[in-house]
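Presented below is the structure to which this report refers.
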Amino acid sequence: MELVALVKHDCPTCDQLLPALTAAAERGAPLRILSQSGERDTSEQAARVGVRAVPELDAGLAVSERLDPDAVPAVILLDGGAETGRVEGLQRDRLVALFAAAGATIDVAGLPALRPGCASVTRDPAVAGALAARRARAEGRIRSRVLRIGGLEDPVEALHDRGLTDGLPVVPPIPERVVAMLEHTSRDPQDVVGVLPPYGGGATVEKVAVNAVMAGCAGPELPIVLAAVEAVSREPFALHGLLATTHSSGPVIVVSGPYAAQAGMQAEVNALGQGCRATLCTGRALQLTVRNVGGGRPGIEDRATHGSPAKVGFCFAERLDAGAPFAGLAHDRAGLGADETGVTVFAGEAPRLVADQLAREPDELVASLAQGLEQVFSPRYRLGFDAMLVLGPEHGRVFREAGWTRSELQQALHLASHRPAGELVRGAGGIAEGLDPAWVTDPAFPVAKFAVPDRILIAYAGGDAGLFSMVIGGWASGEIGSAPQTANVEDWR
Amino acid sequence: MDYLELLDPTAERDAVARPLAERGRPIRRLALLDIRKPRGDVFLDELEALLRAESLDVHRTAKPTFTKPAPADLRREIAESCDAVIEALAD
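For the protein sequence lines, the chains are A and B, in the order given. Its first residue numbered 1, the first sequence is counted upward by one per residue in the working numbering. Its first residue numbered 1001, the second sequence is counted upward by one per residue in the working numbering.
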């Protein structure tokens, strides 16, 4: 039988109990007294309370971490290493009994019957984080190489200098933050979420978490980021080409389902804009993961002629309230239940606004929106590029009140975005770009903008006021380009 | 603390060292790879004519689409049957 007492220097209850503990040890009690404080503080405490024997130091808080008390003083009775009893704080009668169980005595005369202790140093949030990180490393849950940044270096600058940012400041990925981030998924940190181009980097849950920390994510965003990484890693999404292309597109993340709001995503006013940490940081976390794990760097592997602000990160949530005209995009595409949340990734540009403030009937609104959709890439380009239409609530209401389904709207937009071949042929209207004249035998023949109605993805988001929708132009689509992908966030929670 | 520990956000992959092909070898068969960007074929047609005028054996080949990396089988076929490859990159 062995007794271990844990104390710290800045705890009045420890001050009060330490002389009794020391006297018991001097009388032969099988007791180790360990201090959670530093050497100097521990010596000063011993002198202050009048004991000659200075407590041992609990080096690296190893014993405190193992015994894990909430409060000190804590006296723990061990039998062959296994705990058989403990007293936290000053509880006179229980301490006497605990010492008796160890075949020893403690003189508690003059001490109060009950006095609460103070929080164990291991409960200090900063210390708890460091201990959790140490445990995660020891248990192999954290395996990333450690980058040591000098004490005089600014870690934000150091990360930028090492080419690990997107040009904006990042949150330094200290192990404590990464371990805390990993608490927000049930998945093993070493599970591989996907293999990312161009260099085939394995995106483990841990690596995604490191990048999510850098992007500024709060923990609840992690499962959404993981699902997005899974989705862009699938071969039909063609991420290699997307990140390398001269086109200005990047992965656009649409989050559909109740977890979006739980993670802090707001889908109403300014849904595609600034102000919402969860959407902004989720989009950025995906792009940082692609950059750092896959290795696609702007100006080197990424050859975008212009790029766009949306390539820093582009994520928004769907507004799936009672006013929504349809079920969520992910729900329709992947058959998710209403209580599930999914992400849909789309290779797209920055969004642009399409206004129609007068249409009150579905058909006239369709005609107007179709004209906006035809502008994608170039009105002259047909069939090779998809688009996403983000219906605003005041436009969505028109279709909801008319009882349209998503599929009916896609069909109508598809039909309304046809145009006579004669208007699209090279040279028409003095524009060199256009259909090869060899293909145009009948100038009146209607040529579709999109290959099939499903190639017009429809999401729903935005504030109550404004007769606007947003068009997000796609990149080369389908078999010869990128096909949108949907992944279930529930798989990553 | 005299340093701060950060976790490496990269995949920590080492660059694969690929030796250069032997220099000075005679090029008997040359692949012209069209990545399928518009008008890449126009450029390659011109190049093919020039190379054939030099009595080179030219092997015309193409990626299925410019948006995706060349399939492994295509890369292997070029490596096994040709001494060098010229890729037509863009529009």
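Positions of the beta carbon are idealized from the N, C-alpha and C atoms, including for glycine.
Practice task
Starting from the C-beta of A:Val376, find all residues in its chain whose C-beta is less than 6 Å away, skip the five residues before and the five after it, and write them out in chain order.
Solution key: In the first sequence, the residue the question calls residue 376 of chain A occupies position 376. Close CB contacts of A:Val376 within its chain, under the 6 Å cut and outside five residues either way in sequence, are with Phe385, Ala387, Gly473 (chain order).
Handout entry: N-terminal and C-terminal residue of the beta strand (DSSP E) that A:Met388 is part of
Key = In the first sequence, the residue the question calls residue 388 of chain A occupies position 388. Start and end: 385–391.
Practice task
Note down the Cα distance separating A:Gln266 from A:Cys276, rounded to an integer number of angstroms.
Solution key: Translated into the one-based positions of the first sequence, residue 266 of chain A becomes position 266. Translated into the one-based positions of the first sequence, residue 276 of chain A becomes position 276. Looking at the two C-alpha atoms, the distance is approximately 7 Å.
Practice task
Say whether chain B places a C-beta atom closer than 8 Å to the C-beta of A:Lys311.
Solution key: Your numbering for residue 311 of chain A matches position 311 in the first sequence. No, because no Cβ of chain B sits closer than 8 Å to the Cβ of A:Lys311.
Practice task
Examine chain A for any beta-carbon lying closer than 8 Å to the beta-carbon of B:Leu1030, and answer yes or no.
Solution key: If you number the second sequence from 1, residue 1030 of chain B lands on position 30. Not closer than 8 Å to any Cβ of chain A, the Cβ of B:Leu1030 fails to qualify, so no.
Practice task
Name, please, each residue of chain A whose Cβ falls closer than 9 Å to the Cβ of B:Thr1065.
Solution key: Within the second sequence, the letter at position 65 stands for residue 1065 of chain B. Under the 9 Å cutoff, chain A gives Ala238, Gly241, Ala476, Glu479, Ile480, Gly481.
Practice task
Starting from the beta carbon of B:Pro1069, find every residue of chain A whose beta carbon is closer than 7 Å, and list them in chain order.
Solution key: Here residue 1069 of chain B corresponds to residue number 69 of the second sequence, with the count starting at 1. The CB of B:Pro1069 comes closer than 7 Å to the CB of His240 in chain A, given here in chain order.
Practice task
Output, in chain order, the set of chain B residues within a Cβ distance shorter than 9 Å of A:Ile300.
Solution key: Indexing the first sequence from 1 puts residue 300 of chain A at position 300. What A:Ile300 touches in chain B: nothing, since even the nearest Cβ is about 14 Å away.
Handout entry: Sheet register partners of A:Phe346 (DSSP bridge)
Key = The count along the first sequence starts at 1 and reaches residue 346 of chain A at position 346. For A:Phe346, the pairing in a beta bridge is given by DSSP as A:Val252.
Problem - Amino acids of chain B, ordered along the chain, whose beta-carbon sits closer than 7 Å to that of A:Val498 - result: Given a span of 1 to 493 for chain A in the structure shown, any question on residue 498 of chain A remains unanswerable.
Exercise for the section: Identify whether A:Asn270 lies in helix, strand or coil by the three-state DSSP scheme. Expected result: Looking up residue 270 of chain A in the first sequence gives position 270. Here A:Asn270 sits in coil by DSSP.
Problem - Rounded C-alpha distance that separates A:Thr165 from A:Arg291 - result: Residue mapping note: residue 165 of chain A aligns to position 165 of the first sequence, counting from 1. Residue mapping note: residue 291 of chain A aligns to position 291 of the first sequence, counting from 1. Each residue's Cα considered, the two are about 8 Å apart.
Exercise for the section: Decide if A:Leu353 is buried, meaning its Cβ has at least 16 other Cβ atoms within 10 Å, or exposed. Expected result: For the purposes of this step, residue 353 of chain A is taken as the residue at position 353 of the first sequence. A:Leu353 comes out exposed.
Practice task
Measure from the C-beta of A:Ser144 to each C-beta in chain B and report whether the shortest distance is under 8 Å.
Solution key: For the purposes of this step, residue 144 of chain A is taken as the residue at position 144 of the first sequence. Yes, A:Ser144 counts as interfacial toward chain B.
Practice task
Determine the chain B residues that contact A:Tyr199 at a beta-carbon separation under 8 Å, and present them in chain order.
Solution key: For the purposes of this step, residue 199 of chain A is taken as the residue at position 199 of the first sequence. Correct list: Ala1011, Arg1013.
Exercise for the section: Look at the alpha carbon of B:Asp1034 and the alpha carbon of B:Glu1087, and state the distance between them as a whole number of angstroms. Expected result: Here residue 1034 of chain B corresponds to residue number 34 of the second sequence, with the count starting at 1. Here residue 1087 of chain B corresponds to residue number 87 of the second sequence, with the count starting at 1. In a straight line, the C-alpha of B:Asp1034 is about 6 Å away from that of B:Glu1087.
Handout entry: Bridge partner(s) assigned by DSSP for A:Asn292
Key = In the first sequence, the residue the question calls residue 292 of chain A occupies position 292. Note: A:Asn292 sits in no beta bridge, so no partner.
Practice task
Mind listing the chain B neighbours of A:Pro173? Cutoff is C-beta to C-beta under 8 Å, in chain order.
Solution key: Here residue 173 of chain A refers to the residue found at position 173 when the first sequence is read from its first residue. Scanning chain B for C-beta atoms nearer than 8 Å to the C-beta of A:Pro173 yields Leu1006, Leu1007, Pro1009, reported in chain order.
Practice task
Under 8 Å by Cβ, that's how I've got A:Ser469 and A:Leu389 pegged, so tell me the actual separation to the nearest angstrom.
Solution key: Reading the first sequence from its first residue, position 469 is the one you call residue 469 of chain A. Reading the first sequence from its first residue, position 389 is the one you call residue 389 of chain A. Right, the Cβ-Cβ distance comes to about 6 Å (below 8 Å), so this counts as a contact.
Practice task
Say whether chain A places a C-beta atom closer than 8 Å to the C-beta of B:Asp1041.
Solution key: On the second sequence, residue 1041 of chain B is found 41 positions in, with the first residue counted as 1. Not one chain A Cβ lies under 8 Å of B:Asp1041.
Handout entry: Beta bridge counterpart(s) of A:Gly85 as assigned by DSSP
Key = By one-based count along the first sequence, residue 85 of chain A stands at place 85. Bridge partners of A:Gly85: A:Leu77.
Handout entry: Opening and closing residue of the beta strand (DSSP E) in which A:Arg259 lies
Key = Within the first sequence, the letter at position 259 stands for residue 259 of chain A. Note that residue 259 of chain A corresponds to Tyr in the displayed sequence, not to Arg. Unbroken run through A:Tyr259 is the alpha helix (DSSP H), 258–262; no beta strand (DSSP E).
Problem - Beta carbon of A:Tyr460 nearer than 8 Å to that of A:Phe326 - result: Mapped onto the first sequence, residue 460 of chain A falls at position 460. Mapped onto the first sequence, residue 326 of chain A falls at position 326. Yes; because the gap between Cβ atoms is below 8 Å, this pair is in contact.
Problem - Presumed contact (8 Å Cβ cut-off) between A:Glu318 and A:Ser256, rounded CB distance - result: Stepping through the first sequence from its first residue, residue 318 of chain A is reached at position 318. Stepping through the first sequence from its first residue, residue 256 of chain A is reached at position 256. The C-beta separation of A:Glu318 from A:Ser256 comes to about 4 Å, placing the pair in contact by the 8 Å criterion.
Problem - Cβ of A:Gly342 within 8 Å of any chain B Cβ - result: Residue mapping note: residue 342 of chain A aligns to position 342 of the first sequence, counting from 1. Answer no: the Cβ-Cβ gap between A:Gly342 and chain B never drops below 8 Å.
Exercise for the section: Since I believe A:Val208 is in contact with A:Thr289 (beta carbons under 8 Å), could you give me their beta-carbon distance rounded to a whole number of angstroms? Expected result: Within the first sequence, residue 289 of chain A is the residue found at index 289, counting from 1. Within the first sequence, residue 208 of chain A is the residue found at index 208, counting from 1. A:Thr289 to A:Val208, Cβ: 5 Å. Contact.
Handout entry: Residues that A:Glu2 bridges to, as DSSP identifies them
Key = Within the first sequence, numbered from 1, the residue matching residue 2 of chain A stands at position 2. DSSP lists A:Leu78 as partners of A:Glu2.
Handout entry: In DSSP terms, what B:Glu1005 is bridged to
Key = Here residue 1005 of chain B is taken as the residue at index 5 of the second sequence, counted from 1. DSSP, once it has assigned bridges, lists A:Arg148 as partnering B:Glu1005.
Practice task
Starting from the C-beta of B:Phe1043, find all residues in its chain whose C-beta is less than 8 Å away, skip the five residues before and the five after it, and write them out in chain order.
Solution key: Numbered from 1 along the second sequence, position 43 holds the residue referred to as residue 1043 of chain B. Within the same chain, B:Phe1043 has close Cβ partners Ala1088.
Problem - Within chain A, the residues that B:Asp1002 reaches when beta carbons sit closer than 8 Å - result: Here residue 1002 of chain B is taken as the residue at index 2 of the second sequence, counted from 1. Gly150, Gly151, listed in chain order.
Practice task
Round the Cβ separation of B:Ala1031 and B:Thr1065 to the nearest angstrom and send it over; I've been treating them as touching at under 8 Å.
Solution key: Sequence index remark: in the second sequence, residue 1031 of chain B carries index 31 (1-based). Sequence index remark: in the second sequence, residue 1065 of chain B carries index 65 (1-based). Not a contact, Cβ separation roughly 18 Å.
Exercise for the section: Let me know the secondary structure DSSP gives A:Gly462 once reduced to three states. Expected result: Counted from its first residue, the first sequence places residue 462 of chain A at position 462. Coil at A:Gly462, not helix or strand.
Problem - Where the beta strand (DSSP E) containing B:Arg1060 begins and where it ends - result: The residue given as residue 1060 of chain B occupies position 60 in the second sequence. Its beta strand (DSSP E) spans residues 1057–1062.
Practice task
For the segment 11–19 of chain A and the segment 111–120 of chain A, state whether three or more C-beta atom pairs, one from each stretch, are separated by less than 8 Å.
Solution key: yes
Problem - Between the CA atoms of B:Thr1010 and A:Gly194 - distance to the nearest angstrom - result: For this step, residue 194 of chain A is matched to residue 194 along the first sequence. For this step, residue 1010 of chain B is matched to residue 10 along the second sequence. Those two C-alpha atoms are separated by around 14 Å.
Exercise for the section: Output the boundary residues of the alpha helix (DSSP H) element that contains A:Val156. Expected result: Here residue 156 of chain A refers to the residue found at position 156 of the first sequence. From DSSP, the alpha helix (DSSP H) with A:Val156 extends over 155–161.
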